[in-house]
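Trainee:
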Amino acid sequence: MKKYITLFLLGLAVTTMQSQDITDAIRFSQDNLNGTARFRAMSGAFGALGGDFSSLNVNPAGSAIFSNNQIALTFNNYGIKNKSNYFGTSVDENSSSFDLNQAGGVYVFKNEDQKSDWKKFSIALNYENTNNLDNSIFSAGTNTTHSIDSYFLHYANQNGGISLTNVQLQTGENITDLYSYLGYNFGYSDQQAFLGYQAFIINPAIDYNETTNRNYVSNIPSGGNYYQENSIESTGYNGKLTFNAAAQYKDKFFFGVNINSHFVNYRQMNSFYEENSNNLLSGVQRLRFDNDLYTYGTGFSFQAGAIAKVSKEVRFGLAYESPTWYELNDELKQGLASVSADALGELPTVYVNPRVTNVYAPYQLQTPGKWTGSFAYIYGKTGLLSIDYSLKDYSNTKFTPKNDFATTNREMANLLDLSSEIRIGAEYRIKELSLRAGYRMEQSPYKDGKTIGDLTGFSTGFGYNFGGTKLDLTYSHAQRDSQKQMFAVGLTDAAKINSKMNSITMTLSFEL
8 MKKYITLFLL GLAVTTMQSQ DITDAIRFSQ DNLNGTARFR AMSGAFGALG GDFSSLNVNP
68 AGSAIFSNNQ IALTFNNYGI KNKSNYFGTS VDENSSSFDL NQAGGVYVFK NEDQKSDWKK
128 FSIALNYENT NNLDNSIFSA GTNTTHSIDS YFLHYANQNG GISLTNVQLQ TGENITDLYS
188 YLGYNFGYSD QQAFLGYQAF IINPAIDYNE TTNRNYVSNI PSGGNYYQEN SIESTGYNGK
248 LTFNAAAQYK DKFFFGVNIN SHFVNYRQMN SFYEENSNNL LSGVQRLRFD NDLYTYGTGF
308 SFQAGAIAKV SKEVRFGLAY ESPTWYELND ELKQGLASVS ADALGELPTV YVNPRVTNVY
368 APYQLQTPGK WTGSFAYIYG KTGLLSIDYS LKDYSNTKFT PKNDFATTNR EMANLLDLSS
428 EIRIGAEYRI KELSLRAGYR MEQSPYKDGK TIGDLTGFST GFGYNFGGTK LDLTYSHAQR
488 DSQKQMFAVG LTDAAKINSK MNSITMTLSF EL
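Below, the structure is given as structure tokens:
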């Protein structure tokens, strides 16, 4: 094992098996309602309107609607309140963040050739946080049936059981050595079994012959009544840099394309605590299991769209957004502490802290594409009404390499579904003042409609035109129910989460 000494000293293990699941895929496949204040005030219903930087994310043809060169900056305060219910116990948890949500510029070229049918060309560069990943969820309650031991037993007993030689420290080894060795040679599953074994949560059932596999049993007293807490703190963003080009043909048609570069930076810190009151004279009495996941990477997508003015008042839009092809990297740190007891009382705390960062091999994620059809009615210079309808088939989500993720890809194809979204926005102008409101509803990406439920939201705001400068301010609200499992395997009991998201957004835009 000396060949791994350098890696051990650096606290680094390159593992050979991935641990990604559907939750990870959905996290980077969904967009939130972000962008400029005007866009958010009208709930993003801009596919047939254009003339707004965030409208480019719906329909790239929108930049050809701009009359003049323009830049815009958007600042956003985002807050989320999660109400968790786990076996009848309700807990509230709040979090908030402030960021520069959007920054962009557009340059408009007006064709001086009066005989040409191509009246205008535009190019734009726009950055947006497509999804704010800051969140805090805390769940607590007494589980009457299942303990965390089922998580470790799942990995220890799969494929007929793990050999004791894989999880037992040998002479001259330490926890860091063996945890790293297991990750490098056997993968994530053996590491989980090792943690459970070293913390005395599981033990081999009977056979101690080191050359054979065997089943493992739990050291946690049976009988139910396990008090459990699960804390999930996440930070990060999913950002998109858009390179846009669009053109106006005659006075009726607008065409545009986007080339998008995506950025992912996400950290999730998960701390699980369990305490039981079944047998205070033997076995594990309480434990804490910590997981710190860091995901980062880049992606690519493209968009194409068109807007048609069928009359002075009526516009239609159609846009396609390709899948996003991500290349992602995961890093994982784990630690486990447990307290056991015997007839004489509690034993000293056992700390299993490998101080190792699992650096997984890069992997690819393909998110689903999206189609959007749009309609807008313009009431002269007084107001407008706009409607967008989108379709997104989440069952097309895929991880690659396919051989490594065959099981997960099958699960996504079976569990995920076609999701529709409708956005409705309105604006009413009183001279330089604009009043706005919007509504949106997005269907669940899951066939069961429960793992992640439907999202509903509304928004309202106003804008004031100072001439070459505009100020827009918006309040938006959305809520969604979901179910958050304690773990992907073993202890899969879920807390019911009601999430309420609130944002205050301000945009400053300047004509150049």
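So the sequence shown is residues 8 to 519, counted in the working numbering.
Even for Gly, the Cβ is constructed at its ideal location relative to N, Cα and C.
1) Where do the ends of the alpha helix (DSSP H) carrying V174 lie?
2) Are the beta-carbon atoms of A383 and G263 separated by less than 8 Å?
3) Give me the Cβ distance between N64 and G324, rounded to the nearest whole Å; I'm assuming they're in contact under 8 Å.
4) What are the boundary residues of the beta strand (DSSP E) that Q177 is part of?
5) Which residue or residues does DSSP assign as beta-bridge partners of A485?
6) Between L343 and chain D, is any beta-carbon pair separated by less than 8 Å?
7) DSSP beta-bridge partners for R45?
8) Tell me the rounded alpha-carbon separation between N505 and G464.
9) So which of L354, Y401, A368, E328 has the shortest CA-CA distance to L335?
10) Counting beta carbon pairs with one atom in the stretch 264–281 and one in the stretch 294–301, are three or more of them shorter than 8 Å?
11) Curious, which full-length beta strand (DSSP E) runs of at least 3 residues does the stretch 59–100 contain?
12) Could you spell out where the alpha helix (DSSP H) holding A32 opens and where it closes?
13) Which ranges would you report for the alpha helix (DSSP H) in the stretch 190–252 if only whole runs of at least 4 residues count?
14) Out of S157, S441, N39, I169, state which residue places its alpha-carbon closest to the alpha-carbon of F201.
15) D99 to R322, Cα distance in whole Å?
16) Is the beta carbon of D156 sitting closer than 8 Å to the one on I209?
17) Below 8 Å on the Cβ atoms is my guess for G306 versus H269; work out the distance and round it to an integer in Å.
18) Is the stretch 163–183 touching the stretch 112–129 in the sense that three or more CB pairs, one from each, lie closer than 8 Å?
19) For R362, which of helix, strand or coil comes out of DSSP?
20) Give me the DSSP bridge partner(s) of V271.
21) If you draw a straight line from the alpha carbon of Y453 to that of T356, how long is it in whole angstroms?
22) Run through the DSSP bridge pairs and tell me what F469 is partnered with.
23) Check whether the stretch 94–109 and the stretch 145–156 touch, using three or more Cβ-Cβ pairs below 8 Å as the test.
24) Rounded to whole angstroms, what's the CA-CA distance from I33 to F406? Just pull it up for me.
25) Grouping DSSP H, G and I as helix and E and B as strand, with all else coil, what is T137?
26) Could you tell me whether the Cβ atoms of V496 and H161 are closer together than 8 Å?
27) With H, G and I counted as helix, E and B as strand and the rest as coil, what does DSSP make of G167?
28) Can you give me the start and stop residues for the alpha helix (DSSP H) that E418 sits inside?
29) If contacts are defined as beta-carbon pairs under 8 Å, then G387 and A433 qualify, I think. What distance do you get, rounded to the angstrom?
30) Starting from L40, trace the beta strand (DSSP E) in both directions and tell me its first and last residue.
31) Give me the DSSP bridge partner(s) of D395.
32) Is DSSP giving L425 helix, strand or coil here?
33) Determine the closest residue to T467 out of D479, G460, T458, F473, with distance taken between C-alpha atoms.
34) By how many angstroms is the C-alpha of H484 removed from the C-alpha of M508?
35) Rounded to a whole number of angstroms, what is the C-alpha to C-alpha distance between N192 and L176?
36) So the beta strand (DSSP E) E334 belongs to, where does it begin and stop?
Mentor: So, from the data block:
1) 171–174
2) no
3) With a Cβ gap of about 13 Å, N64 and G324 do not count as contacting.
4) Neither: Q177 is in no beta strand (DSSP E) and is coded neither H nor E.
5) G464, M508
6) Here there is only one protein chain, and chain D is not present.
7) Answer is none; R45 lacks a bridge partner.
8) 14 Å
9) A368
10) yes
11) 77–93
12) 29–36
13) 195–205
14) I169
15) 45 Å
16) yes
17) 3 Å
18) no
19) coil
20) N245, G304
21) 42 Å
22) L442, L480
23) yes
24) 11 Å
25) strand
26) yes
27) helix
28) 413–422
29) In fact, because the Cβ distance is near 15 Å, the residues do not count as touching under 8 Å.
30) Here L40 belongs to no beta strand (DSSP E), and DSSP marks it neither H nor E.
31) S381, R430
32) strand
33) D479
34) 6 Å
35) 16 Å
36) 332–349
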